[in-house]
Structure formats: structure tokens, C-alpha cells
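Below: the structure, in C-alpha cells.
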Ligand SMILES: Cc1cc2nc3c(=O)[nH]c(=O)nc-3n(C[C@H](O)[C@H](O)[C@H](O)COP(=O)(O)OP(=O)(O)OC[C@H]3O[C@@H](n4cnc5c(N)ncnc54)[C@H](O)[C@@H]3O)c2cc1C
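In UniProt numbering, the protein residues as written are 1 to 255.
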């Protein structure tokens with residue numbers, strides 16, 4: 001397998017069977033299991049354009065190669081969107097947080113991953129080397145995104161909400177979300193994103209309507225959700241997940 005370190009965003013080009021490599025916390029495992037067999041790896045982790053955290057106007061911009069631990073510890077993120085720092089600080093274990101990156105998590109789009117919930121819940125914008133993609137258009141189901149072959153995520157801009165919260169009911173072996181719920185309140189309305197419960201991250205419009213009317217734990221708990229389309233596996237039934245979503249939303253609102 002070829003390995004090269006990309007010298008710049010412009011030079012970060014993939015051959016037909018190549019893949020970008022960031023923290024390797026999803027990709028290397030997939031290669032070891034035989035689930036992926038790229039011909040070459042183009043390492044983008046040290047690209048200067050993919051680094052850094054800044055607050056610009058009403059948004060926090062985070063470079064795609066920023067490790068989870070750096071987001072968790074960032075004073076800017078903790079001040080502007082504490083729920084986002086909290087989410088990053090509860091991903092996986094110490095090794096995963098030190099190596100895994102925001103861009104890698106979003107490109108991978110594991111159906112139980114944490115970051116997709118924050119990106120969708122906050123209505124963030126995903127910046128790539130060629131365009132900007134709204135969160136509502138980015139996630140397209142199981143391990144599928146709007147990214148085209150060879151399209152590199154460079155950064156994500158997260159609008160700063162009036163209030164936000166994250167609650168994750170952890171699957172203790174993998175530490176991924178059995179169900180995770182991100183809630184955010186803006187002047188323009190409420191967004192609620194759910195991960196771990198379905199084939200991909202999704203917005204819960206019933207909870208958004210209830211919380212827009214009354215931003216309170218009781219309003220979230222009063223919502224009853226259908227289990228249709230939710231996951232059943234050895235860790236929990238669809239009905240169990242449907243019951244967890246409003247409860248986690250209530251706890252996320254309570255802060
Ligand atoms: C034990 C364990 C526990 C974990 N627990 C959690 C958890 O609780 N919550 C959670 O959310 N995640 C969890 N993860 C996954 C972790 O967050 C990964 O770091 C993340 O999914 C992938 O990030 P990465 O930087 O390691 O990407 P890589 O593994 O390097 O790449 C993943 C994919 O993204 C592509 N890619 C990487 N960077 C870019 C880019 N900038 N632009 C376009 N494509 C890119 C790669 O080509 C590859 O297809 C866990 C992983 C492990 C091993």
C-alpha cells in the first residue's frame with residue numbers, strides 16, 4: 001500500500017482506489033478487518049489549512065484535522081458552545097480522542113457517531129476544498145454523505161446557539177451512542193438531532209416542535225415517538241430506543 005503525506009490542500013488528490021487518512025481511528029480498523037482495501041493513503045492530518053479553532057462572528061470554525069481532545073479542551077469552544085466541547089470529550093477513549101478528527105468522523109458517518117449529531121443539531125456548514133455543504137444535505141444515511149470521490153473536508157462552521165445540550169446513552173463496550181441526542185435553541189427555532197437510533201443521524205421534528213413551544217425537560221418527556229424505522233440489535237430494541245430519545249432530549253435541555 002502506498003502512503004504519502006499531502007503537502008497542501010491543492011495537492012491532496014486521490015487516485016482511483018486511494019483514501020484520505022486522518023486519525024486512522026476508523027479507517028485503519030476497517031483495513032485490518034478487511035472491510036476496506038485502499039491502494040494508497042493520502043495523509044491529510046498535518047495540512048495547515050485543516051488546523052485551528054476560531055470564533056468568527058456568530059460561529060465557531062473548527063479545522064477538519066482537529067482531534068477530538070483539542071476540541072474538548074478548547075477555551076473558545078467551551079465558552080461559545082459548551083455542549084460541543086462536552087460531546088468531543090466523551091467520544092471513545094483517550095487514544096481515540098487524541099488521534100480521531102472532526103473531518104474523519106463526518107466523512108465516515110458511522111450511524112452511531114457523536115459529531116454528526118452536533119453538526120446536524122446545530123445546523124452547521126461543512127466546508128470542503130471546493131464548496132460548502134449544509135448539515136441538512138450532508139448526511140445521507142448509513143456511512144453515506146454528500147461528499148464526492150476525493151472531496152476533502154477542510155473545516156466545519158458551527159452557529160453559536162442560545163442554548164444547547166448533548167446526552168449520550170453509551171454502549172459500554174464500544175463507547176459509541178446506543179442513542180445520542182443533541183438539542184439546540186436559536187432565535188430562529190429549535191433543532192434536535194438523534195444518532196445511534198436509526199440507519200443514520202436524523203432530526204426529530206416532533207421534539208423540535210415541542211421544545212420550540214416550551215424549552216423544558218417536561219415538554220421533551222411528553223413526546224411519544226414511534227419505533228418505526230429505528231434499529232433493533234442485541235443492545236436494544238427499536239421500542240427501547242424510541243423511549244430513550246425523549247428522555248435524553250429532556251436531560252440535554254436540563255443541562
Ligand atoms: C475504540 C473506538 C471507540 C470509538 N468511540 C467513538 C464514539 O464514542 N463516538 C464517535 O463518534 N466515534 C467513536 N469512534 C470513532 C472515532 O471518533 C474516529 O476518530 C472517527 O470516526 C474517524 O476519525 P479519524 O480522524 O480517525 O478518521 P480516519 O479513520 O483517518 O478516516 C475515516 C474516514 O474519513 C475519511 N477522511 C478522513 N479525513 C477526511 C477529510 N478531512 N475529508 C474527507 N474525508 C476524510 C477517510 O478517508 C476515511 O474514509 C471510536 C473509534 C474507536 C476505535
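Note that the Cβ used here is the ideal one computed from N, Cα and C, for glycine as well.
Item to check | Spatial neighbours of residue 39 in its chain, beta-carbon cut-off 8 angstroms, leaving aside the 5 residues before and after | outcome: Residue 39 sits at position 39 when you count from the first residue of the chain shown. Contacts found: 1, 2, 15, 16, 17 and 18.
Item to check | Per-residue DSSP class, three states only, for residue 288 | outcome: Nothing in the structure corresponds to residue 288, since the chain is present only between 1 and 255.
Checklist entry - Would a C-beta distance cut-off of 8 angstroms place residue 122 and residue 179 closer than the cut-off? => result Position 122 of the chain shown, counted from the start, is the residue given in the question as residue 122. Position 179 of the chain shown, counted from the start, is the residue given in the question as residue 179. Against a cut-off of 8 angstroms, the Cβ pair of residue 179 and residue 122 comes out as no contact.
Checklist entry - Does the distance from the C-beta atom of residue 196 to that of residue 112 stay below 8 angstroms? => result Reading the chain shown from its first residue, position 196 is the one you call residue 196. Reading the chain shown from its first residue, position 112 is the one you call residue 112. In contact: residue 196 and residue 112 (Cβ atoms closer than 8 angstroms).
Checklist entry - Short check: CB of residue 252 to CB of residue 183, under 8 angstroms? => result Residue numbering aside, residue 252 sits at position 252 when the chain shown is read from its first letter. Residue numbering aside, residue 183 sits at position 183 when the chain shown is read from its first letter. It is a contact, given that the beta carbons lie within the stated cut-off.
Checklist entry - Residue range of the alpha helix (DSSP H) that residue 257 falls in? => result Nothing about residue 257 can be read from this structure; the chain reaches only from 1 to 255.
Checklist entry - Would DSSP call residue 133 helix, strand or coil? => result Numbered from its first residue, the chain shown carries residue 133 at position 133. Residue 133: strand per DSSP, three-state reduction.
Item to check | Rounded separation between residue 133 and residue 146 - CA only | outcome: Your numbering for residue 133 matches position 133 in the chain shown. Your numbering for residue 146 matches position 146 in the chain shown. Their backbone Cα atoms lie some 8 angstroms apart in a straight line.
Next on the checklist: Taking 7 angstroms as the limit between beta carbons, can you name the residues of its chain near residue 250, skipping five residues before and five after?
Outcome noted: Working through the chain shown from its first residue, we reach residue 250 at position 250. Only 217, 220 and 221 meet the Cβ criterion.
Checklist entry - If you run the structure through DSSP and keep just helix, strand and coil, what is residue 147? => result Within the chain shown, residue 147 is the residue found at index 147, counting from 1. Residue state, collapsed to three classes: coil.
Checklist entry - In this structure, what does DSSP give as the bridge partners for residue 127? => result On the chain shown, position 127 is the one that residue 127 refers to. In the DSSP output, where bridge partners are listed per residue, residue 127 has 132 and 155.
Next on the checklist: Assuming residue 65 and residue 45 are in contact, meaning their beta carbons sit under 8 angstroms apart, how far apart are those beta carbons, in whole angstroms?
Outcome noted: As a first step, residue 65 is located in the chain shown; it is residue number 65 there, counting from the start. As a first step, residue 45 is located in the chain shown; it is residue number 45 there, counting from the start. About 5 angstroms separates the two Cβ atoms, so the contact holds.
Next on the checklist: If distances are taken between C-alpha atoms only, which option among 185, 130 and 192 comes closest to residue 245?
Outcome noted: Start at 1 with the first residue of the chain shown, and residue 245 comes out as number 245. The option with the nearest alpha carbon to residue 245 is 192.
Item to check | Under the three-state DSSP convention, the category residue 226 falls into | outcome: Taking the chain shown and counting its residues from 1, one reaches residue 226 at position 226. The answer is coil: DSSP assigns residue 226 none of H, G, I, E or B.
Checklist entry - Which residues mark the beginning and the end of the beta strand (DSSP E) in which residue 26 is found? => result Position 26 of the chain shown, counted from the first residue, corresponds to residue 26. Looking at the DSSP string, residue 26 is not in any beta strand (DSSP E), and its letter there is neither H nor E.
Checklist entry - Could you give the distance in angstroms between the alpha-carbon of residue 215 and the alpha-carbon of residue 10? => result Stepping through the chain shown from its first residue, residue 215 is reached at position 215. Stepping through the chain shown from its first residue, residue 10 is reached at position 10. Spanning the two alpha carbons is a distance of roughly 45 angstroms.
Next on the checklist: Helix, strand or coil for residue 111? Go by DSSP, reduced to three states.
Outcome noted: For the purposes of this step, residue 111 is taken as the residue at position 111 of the chain shown. Three-state DSSP puts residue 111 in coil, outside helix and strand.
Next on the checklist: Counting C-beta neighbours from all protein chains within 10 Å, is the total for residue 32 16 or more, i.e. buried, or is it exposed?
Outcome noted: By 1-based counting over the chain shown, the position of residue 32 is 32. Under this definition residue 32 is an exposed residue.
Item to check | Opposing strand residues paired with residue 20 [DSSP bridges] | outcome: Locating residue 20 in the chain shown gives position 20, where the first residue counts as 1. Answer is 42.
Item to check | Paired residues, beta bridge with residue 202 - DSSP | outcome: Residue numbering aside, residue 202 sits at position 202 when the chain shown is read from its first letter. In the DSSP output, where bridge partners are listed per residue, residue 202 has 194.
Checklist entry - Closest to residue 136 by CA distance: which of 213, 21 and 202 is it? => result Sequence index remark: in the chain shown, residue 136 carries index 136 (1-based). Here the closest residue by C-alpha is 202.
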